[in-house]
Amino acid sequence: MKTEYSSKWATARLKELKQGGLLRALRSIGEFIEKHGLREFKGIFENISSTSGYMLDYLRNGFSDPQREDTYNALAVKTVDLIGAIDRRMLAENYTDTFSGIVRTVNFSGKTVTDFLNEYRKFASLYSIMIESGERDEALVKKRERTLSELFESILVVATLTGDEHDLLMEISTDTEESVSVKYQIIGALLLSLLRNFNLSKFRLLLDIYERTTEESIAARALTAIILTLSEYGELAVFDKGVRIRLEAWQDSIVNYSRLREVEMAIISGFDTPRIMRTLNKTVIPDMLKMQPQIKSMLDEMNLDAGLSPDDIMESMESLGYNPKWEKFMAESGLDKKMQEMSEMLESGGDVMYATFSRMKTGAFFRDISHWFLPFEADRSEIKGDVSFINSMLETNANRYLCDSDKYSMAFSISSIPAGMMGSMRAQIDEMVKMNREEQENDLRSHSPLFTTEVHAFVKDLYRFFTLYHAHKNYSNPFKNPVLPDRLPVLSESLFDSEFKEMVCEYFFKNGYYSIALPYLESLAAGPDAGYVIYQKAGYALQNVGEYRKALDYYLRASFFDEQEVWLKTAIGNVYLKLGEPENAVRAFEDALSTDDENVHLLLKISQTYILLEKPELALTHLYKLDYIHPIAKAAREIAWGEFMRNDSGKAKEYLGKVIEGKYDSGGKRASQPCDYVRMGHILLSEGNPAEAVKHYSLAAADEKEMRKDWPLLKKKGVSEVDFDLLIESVVLDREKEAGIEKSK
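Here it is as structure tokens:
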């Protein structure tokens, strides 16, 4: 009988277990079995319940039991498997999402994982014979592809693996003669399944694959899957004593130590993808597009002959580095910094390609869940066109940072290029491939980058799946929150040392994730080696998360190490302002100014603080100095208000008028701001000129709060509160009326 069911029930039970709630989880499971008449699960449930009951009775009666912890952990493992089995059983009857659809399809077939694996092997063997013959059989190609997808789906949805299934899957995953396609599919299916419902047999298989494979690419994917699973269900995994022992044994291997760091940083870079996209879309790409006309003009000056060979063109491009005109342009425009920023993002594993390829994942190929976990194969039945040309395109240096799903996207795009264009492109592509192979050979002579490359490629494929797959919301996204090394059971104690934690902390700190970096910084600040840099960073992180009192404490500690640091003194002043202590803030700013008396930022900051303290004379002393050494709109704006405070409306209007007219350097921003019109209106109103005041209020396009915030000073100037309220209200209502008219149009 079909009933309403959601996998949220299973997720809730697993959460209870993670939090140590075995008895609570068992009670919920028992009620669920009775409610839905799941008689096939009664036997295993009663076995777990009775054993847990005996264990509890022994504890309550004060009996010593040295095996109690092991018994508890064993019961927890069995309970996890039971939850998974119930979940799959319910999904088979209740179609709620694409996952449950796969469950029903696999169940309806009546086949086991072993059946699907044997069927795949049969067609894979025939496929190998076909390749050797040199004659393509399209029907056979498609059958091999279909059986591979079916194997993926069977592993994905099976509740638990039998011993024979485990052994067969491990054998094929660690056999160097087997195709990487099936190995990638097995690891991908195991990971997705584990992230949905943890199962010990599947997790053990991942451990076995990682520890027994001799292939770097397979080890990279298996270890990435292990770390992501531990980040989600680590507490459940280590219920098993065998798992704990195996993870602890990794600390004896320098290879594991190095690999774990690579995987952890790659996963963190995956989490960082949204920030990278914001950086590219808001600053790097727009700025580079603005420079495009100048770059084109300077390239035209080079008079590059269309008939030049790729080598000649590369030689000409390299010469730009020695061209003074180009060097000057790149330095002054900031192009060199933008290029460096892009390069650093790429080299550190940053996913700069996501935005481009995210628009190319909507085709039929990507609606099959298994296709997101395939290695790139140019001879797939879905790819039409010249296979050798597609392979050449994907071997160029420009594509060395692409993950497999992006390569498929590019292959589909290349397939649509007209044959005539392909011919003209082939010579240049072949030359680029040659150069790229030489560069890769140089890389391989110096180190072995395959593991790192594969980890980053796998993470990118995973990130795309969890954000772009049409049914991605059916799966928990492991990149939604950062996978922190100190939260991984067992591994955090043995392999993620303080040095690595500092590296993770620095990554989050420099990229603006202050709340994530903060626990690390506070831990380091409490250590015996804490000093100026750590205290300063801890203070800055706390300041950015709004904990100003604690930030001040760390800043003051840092000041004991360097009393002359202008930045630090300024930061202390800013924190005092946030704490509502302008008197202390101005002292900190004055102290900083004594070290750097022409610092534009400081002169402006101290002046604004004196304005806040209603000490316009002291503010104007600094402001006029600033206006002399570096005239800017911000300073002129403050001069106007300072003069108004000390009753010189003429000078106030003069300076504010210059700002509104755009006669001051505004740092590339719009010369006049809403506050300029508001304050000009205030000055005019204080002079008894309400008509002109209203004109400026109307031009301000500022909200009512902005227009009212200076009322205390206007009151001191003798402005009627009734008059002020009426004028402001009328301006706001007029604006609302105009907006309503525009909307109706």
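Using the numbering used here, the first residue of the sequence shown is number 645, and each one after it goes up by one.
Backbone N, C-alpha and C define an ideal beta-carbon position, used for all residues, glycine too.
None of the values given here were measured: they were computed from a predicted structure.
Nearest-angstrom Cα separation, counted from residue j out to residue i
i, j, result
"H680", "N841", "20 Å"
"E908", "H1266", "50 Å"
"D1320", "R1281", "7 Å"
"T1097", "P1019", "13 Å"
"T756", "S1014", "18 Å"
"Y1119", "S772", "35 Å"
"L1248", "A1279", "6 Å"
"E690", "S798", "29 Å"
"A783", "V996", "38 Å"
"V887", "A881", "7 Å"
"V801", "N925", "39 Å"
"D916", "M699", "46 Å"
"L1256", "G1171", "39 Å"
"L1135", "M989", "28 Å"
"A656", "A803", "17 Å"
"V1031", "T857", "30 Å"
"V1219", "R1201", "14 Å"
"W894", "P1093", "21 Å"
"V750", "Y1157", "43 Å"
"Y649", "L1106", "28 Å"
"D1023", "F1056", "12 Å"
"K1360", "E1331", "13 Å"
"G1362", "E1305", "29 Å"
Environment of residue i [buried if 16+ CB atoms lie within 10 Å]
i, result
"P918", "exposed"
"H1100", "buried"
"K1353", "exposed"
"R1108", "buried"
"N1291", "exposed"
"S902", "exposed"
"D1347", "exposed"
"G807", "exposed"
"N705", "exposed"
"Q1208", "exposed"
"L1377", "exposed"
"Q1187", "buried"
Close Cβ partners of residue i (< 7 Å) along its chain, the five nearest in sequence each way excluded
i, result
"M958", "The pLDDT assigned to M958 is 47, lower than 50, so where the model puts this residue is not dependable; a value taken from the coordinates is nonetheless given after this. Excluding positions up to five away in sequence, the list is empty."
"A1169", "I1178, Y1179, A1182, Y1198"
"D781", "M774"
Among the options, nearest to residue i - alpha-carbon criterion
i, options, result
"A1344", "E879, Y1198, H1326", "H1326"
"K1259", "F1288, N1243, I1276, D1241", "F1288"
"E1373", "G1362, K1359, K1349, A1229", "K1349"
"R765", "Y1341, A654, L792, S777", "L792"
"M921", "E876, L1168, F1001, L874", "F1001"
"C1047", "F1017, S1059, S1032", "F1017"
"V785", "S798, S769, L795", "S769"
"Q711", "A1008, F1144, S696", "S696"
"Y658", "S708, D725, L703", "Rather than Tyr, the amino acid found at residue 658 in this sequence is Leu. Here the closest residue by C-alpha is D725."
"S1049", "A1185, F1010, K1213", "F1010"
"V747", "S1330, K1124, L735, G754", "L735"
Own chain residues within Cβ distance below 6 Å of residue i, not counting five before or after
i, result
"E660", "R668, A669"
"S817", "K827, I830, I853"
"P1226", "T1253, L1256, L1257"
"I862", "K827"
Beta-carbon proximity list for residue i, same chain, < 8 Å, skipping 5 on both sides
i, result
"H810", "S845, R848, L849, D852"
"I1160", "P1126, L1128, F1152"
"A654", "I727, G728, I730, D731, N841"
"P937", "none"
"T873", "L835, L838, L839, F842, F847, L850, A881"
Coarse secondary structure for residue i, derived from DSSP in three states
i, result
"D759", "helix"
"I1276", "strand"
"D1309", "strand"
"C1149", "helix"
"A1174", "coil"
"S708", "coil"
"M1079", "Any reading at M1079 must be qualified, since the residue scores a pLDDT of 46, below 50, and its modelled position is unreliable; no value is offered."
"K662", "helix"
"K1124", "coil"
"C1319", "helix"
"A1337", "helix"
"S651", "coil"
"A1346", "coil"
"D637", "The shown model of the chain, from 645 to 1389, leaves out residue 637, and the question about it has no answer."
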